[in-house]
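These protein sequence lines are chains A and B, in that order.
Quick note: the first sequence uses my numbering, first residue 339, plus one each step.
Quick note: the second sequence uses my numbering, first residue 82, plus one each step.
For each residue, glycine too, the CB sits at the ideal point set by N, CA and C.
Contents: one structure, followed by commentary.
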Amino acid sequence: MKLELDRGKFIPHEKDEILVAFAGNPNVGKSTLFNKITGLNQHIGNWPGKTVEIAWSRITYKDRKLVIVDLPGTYSLSGMSEEEQVAIDFIINEKPDVTVVITDASALARNLYLLFQVLELTSQVVLVVNMMDEAKKWGIHIDLEGLEKELGIPVIGTVALTGEGIRELLDAILHVKDSKIEARNVRYPIIEKYVQEISEIVKPYIDGYSARWIALRILEGMTDLPITLPQEATKKIEKITQQMRIEGKYDPKLLIVRARYDLVDDLVLKYIKRRKIEDEITEKIDLTIFKRGINYLSVFGIFYIIFWLAFEVGGYFGELIDSGINIVIPLVYDVLLSAGLSDHISRFIAEGVIGGVGVVLTFFPLVFIFYLSYSFIENLGIMARMAFIMDRIFSKLGLEGKAFFPLALSFGCNVVGVTATRILSSRKQKIMSMITLSFIPCAPRIAVLGLLINIVFPSWIGPIIFMIYILVSFMVVAFTAYLMNKITKQGGSESFFIELPPYRIPSLKVISKISLIRTEGFVLRAGKWMVLGSVIIWILVNIPPSASVEYTIAGMIGGILAIPGSLLGLGWREMIALLFGFTAKELTLSVLYTLYGSALYNLPAIIGFPTAVAFMTIYAYYTPCIATVAAIVGESGDKKLGLLSIFYSLVIALFLGVISYLIAILLT
Amino acid sequence: MVYIMSRVIPLFYAEPGRKYKVISFVRKGFGWRRRLEEIGFVPGQVFEVVFNNRGYIVVEIRGSRFGISPGIARKIFIEGVNSEIRA
Chain A
339 MKLELDRGKF IPHEKDEILV AFAGNPNVGK STLFNKITGL NQHIGNWPGK TVEIAWSRIT
399 YKDRKLVIVD LPGTYSLSGM SEEEQVAIDF IINEKPDVTV VITDASALAR NLYLLFQVLE
459 LTSQVVLVVN MMDEAKKWGI HIDLEGLEKE LGIPVIGTVA LTGEGIRELL DAILHVKDSK
519 IEARNVRYPI IEKYVQEISE IVKPYIDGYS ARWIALRILE GMTDLPITLP QEATKKIEKI
579 TQQMRIEGKY DPKLLIVRAR YDLVDDLVLK YIKRRKIEDE ITEKIDLTIF KRGINYLSVF
639 GIFYIIFWLA FEVGGYFGEL IDSGINIVIP LVYDVLLSAG LSDHISRFIA EGVIGGVGVV
699 LTFFPLVFIF YLSYSFIENL GIMARMAFIM DRIFSKLGLE GKAFFPLALS FGCNVVGVTA
759 TRILSSRKQK IMSMITLSFI PCAPRIAVLG LLINIVFPSW IGPIIFMIYI LVSFMVVAFT
819 AYLMNKITKQ GGSESFFIEL PPYRIPSLKV ISKISLIRTE GFVLRAGKWM VLGSVIIWIL
879 VNIPPSASVE YTIAGMIGGI LAIPGSLLGL GWREMIALLF GFTAKELTLS VLYTLYGSAL
939 YNLPAIIGFP TAVAFMTIYA YYTPCIATVA AIVGESGDKK LGLLSIFYSL VIALFLGVIS
999 YLIAILLT
Chain B
82 MVYIMSRVIP LFYAEPGRKY KVISFVRKGF GWRRRLEEIG FVPGQVFEVV FNNRGYIVVE
142 IRGSRFGISP GIARKIFIEG VNSEIRA
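This is the structure in structure tokens:
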């Protein structure tokens, strides 16, 4: 754990503001509760040096100002994953006034584990037992008062979906802050003796940290302590852990986990009564969905629905916005012109800048509907099952099962695919998916490719050639994933297990709020890069003004590129067409048509069959469009990744282009 | 003569619908092992195998369901228990 952060600086807050952290396991309704309390007024930021997102919001309650922070959902606080590290860092460095641990009433036997870990770090804690309504439905009774007495902290029952218990929770937060309530000290059975011994040893060196927490971390085998210990101290500690191993029969690490669970079991036994009613729907679906034959079918069925909603319904609204923009552009142009600006400047602002904003806006409904349908299915409990099903295939590529969605969505549009990588769980997964998915041909690229195949090949073999191109793109995806795993030296998937939450009907209000915030994030992050891209392209294509295509800057660049291109027989026309394809994949065809006219249908005769094949191959695999690159830069926050995506795909495309050129020569 | 056979098996071969107790893990693998322990897979813990077709393994442990990858399921050793014990 590195403590580069200035204490209390991540979220600047006034002295009179109360800093509240929300911690909890995944699938306990933590974010729902957070959204219910804070409304749309949220900020999302990345933790310094990490890709983990943290959302926070300011609210006023009973004339008090609260800053509420939604920490990433984690099963524990051992720092095994980025999310866990961020949660620990936050509690240690930002020193929240109150930490709220949120649990699912039906899964306390596991969720309370995190509570004990939080209590090791801070004692100003409120325990929330969420989804009380569901627990009741399944015949589980929880004695909240008993828990409160035993733990010494407020315990609040809530139903996040309806907002039940939120007032009580906010009151409890104020109460903990004002009356300096502290949790009763937790003492672990079996290991307590050792914890105390080590605490004594480290006490002189703790530098403001809790000696007990440091001692526990040492026992857990964590070497990255926030403090440095002199050698004599480490030697003494080593002796103690040695002794533990002999006396305790087990590894100290395991003993600690067991000690925490022993306390959990104790609480569960005392305060939770259950006569379990079986959840028949969950039971039935789970016994069918993983069966062979049904498994992949259900994934594709659900994917089809999401795809259809995003690209058909979202696409429809996108087109509406697009035609709106096309009405606005000439209007803006006229206004600017009559305001006294020159023709070029007016066109630049209207077409370059407003046009770029238009591109971002046309993506808005696609991205929003994707997130909406995704959140719906996720909250329904289905998505976890889909991820589990696809994990078997994707883990072979070092990708998690959920990566199926960004990759498959890329057949519609790479930009939407890149945006969808936000559903993935780690930065490595996101980056791998972003780089690999740009080899999946998007709908416009598929359309152009199909037309080119029709021109270059006789019609009877067309479908076979098309299948070969798609197959090769899968192979490139697999190869790229393999390569990236080799480079990062982290083979294999990270999901050894996936929680399969019970099926629940989601609240439309909550999921639309979450989707809106996510889409807003897309517009803010990728939007500026898309506008910038549009401006650059406008300059390349329109300067010098009113010149025909081959005399513009883009045309000249095409001319220069034709020099190396001539090795494959590619001339300036093809190079310009490819260059324009960088702005939008469908433009390649219209530029070719502009430059060749109807002679385009005799392309193989004009430039030769092998060259035509090489051109098609390069077109099929070279750089994704500029909007995709902008989305990659925006989503990853890393400009280098955008450049890597461009250059890597160029190398692959050229390599495959040469190969297909040689094959075509052999065939003729 | 009565032979008492050891009934410790990898989770991979568990029967669906039955209850088992965690016995041990294969030695290697700090990362996944630690994560499993933290969701409740500690020696002695009783859990139920909900579904297992040797491709997908679903267990219910401490009130939550988890899908376990077959690779990991081969590395967790378990023993059948009397079905009256609560998972």
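- Segment contact: the region 620-630 of chain A against the region 547-565 of chain A, fewer than three CB-CB distances shorter than 8 Å; contact not assigned.
- Here Asp408 (chain A) is buried: its Cβ has 16 or more other Cβ atoms, across all protein chains shown, within 10 Å.
- Residue pairing for Ala393 (chain A): DSSP places it in a beta bridge opposite A:Ile382 and A:Asp408.
- Using a CB distance below 7 Å, the part of the region 140-159 of chain B facing chain A consists of Arg143, Gly144, Ser145, Arg146, Phe147, Gly148, Ile149, Ser150 and Ile153, ordered along the chain.
- Among the CB atoms of chain B, none fall inside 8 Å of the CB of Val497 (chain A).
- When the Cα atoms are used, Ile803 (chain A) and Ile984 (chain A) turn out to be separated by approximately 25 Å.
- With a threshold of 8 Å between beta carbons, Val107 (chain B) makes no contact with chain A.
- Closer than 8 Å to the CB of Ala447 (chain A) there is at least one CB belonging to chain B.
- Listed along chain A are Phe628, Lys629 and Arg630, each with a C-beta nearer than 9 Å to that of Asn134 (chain B).
- Taking each of A:Glu535, A:Gly800 and A:Asn431 in turn and checking the Cα distance to Ile578 (chain A), the smallest one comes out for A:Glu535.
- Contact of Val127 (chain B) with chain A by beta-carbon distance below 7 Å is absent, the smallest such distance being about 11 Å.
- Annotation for Thr949 (chain A): the continuous alpha helix (DSSP H) segment containing it runs Phe947 to Tyr959.
- A residue is called buried once 16 or more other Cβ atoms fall within 10 Å of its Cβ, and Met813 (chain A), having fewer, is exposed.
- Not a single CB atom of chain B sits nearer than 8 Å to the CB of Ile619 (chain A).
- Against chain A, the CB of Leu117 (chain B) has a partner CB under 8 Å away; the residue lies at that interface.
- Comparing alpha-carbon positions, the option among A:Cys780, A:Glu506, A:Tyr959 and A:Val989 lying closest to Phe649 (chain A) turns out to be A:Cys780.
- Taken atom to atom, the span from the alpha-carbon of Tyr999 (chain A) to that of Thr1006 (chain A) is near 11 Å.
- Interface annotation, Tyr137 (chain B): in contact with chain A, CB-CB separation under 8 Å.
- For Val162 (chain B) against Val127 (chain B), the beta-carbon gap comes to about 6 Å, under 8 Å, which counts as contact.
- With contacts defined as CB atoms closer than 8 Å, Lys851 (chain A) and Asn373 (chain A) qualify as a contacting pair.
- Residues of chain A whose Cβ lies closer than 7 Å to the Cβ of Val89 (chain B) do not exist; the shortest such Cβ separation is about 17 Å.
- The three-state reading of DSSP puts His513 (chain A) in helix, counting H, G and I together.
- Around the Cβ of Gln462 (chain A), a 10 Å sphere holds 16 or more other Cβ atoms; the residue is buried.
- The beta strand (DSSP E) runs lying completely inside the region 402-477 of chain A and spanning 3 residues or more are 402-408, 436-442 and 463-468, given in chain order.
- Using a Cβ-Cβ cut-off of 8 Å, Leu838 (chain A) counts as an interface residue toward chain B, since at least one Cβ of chain B sits closer than that to its own.
- Per DSSP, reduced to three states, the secondary structure at Val697 (chain A) is helical.
- Restricting attention to B:Gly125, B:Ile149 and B:Pro97, the CA atom closest to the CA of Leu593 (chain A) is found in B:Gly125.
- Residue nearest to Leu718 (chain A) within the set A:Ile640, A:Lys978 and A:Leu457 is A:Ile640 (criterion: CA-CA distance).
- Ile104 (chain B) has a beta carbon lying at 8 Å or more from every beta carbon in chain A.
- At a cut-off of 8 Å between C-beta atoms, Val131 (chain B) counts as an interface residue with respect to chain A.
- For Leu878 (chain A), the enclosing alpha helix (DSSP H) has its first and last residue at Leu846 to Asn880.
- Looking at the backbone, the Cα of Pro568 (chain A) and that of Pro386 (chain A) are separated by about 29 Å.
- Here Val637 (chain A) has Met724, Ile727, Met728 and Phe742 as same chain residues with Cβ atoms under 8 Å from its own Cβ, once five neighbours each way along the sequence are excluded.
- Short of 8 Å from the beta carbon of Ser444 (chain A), and not among the five residues preceding or following it, lie these beta carbons of its own chain, in chain order: Met469, Glu472, Ala473, Trp476, Ile478 and Pro840.
- Taken atom to atom, the span from the alpha-carbon of Gly144 (chain B) to that of Leu446 (chain A) is near 8 Å.
- Under the three-state reduction of DSSP output, His351 (chain A) falls in the coil class, being neither helix nor strand.
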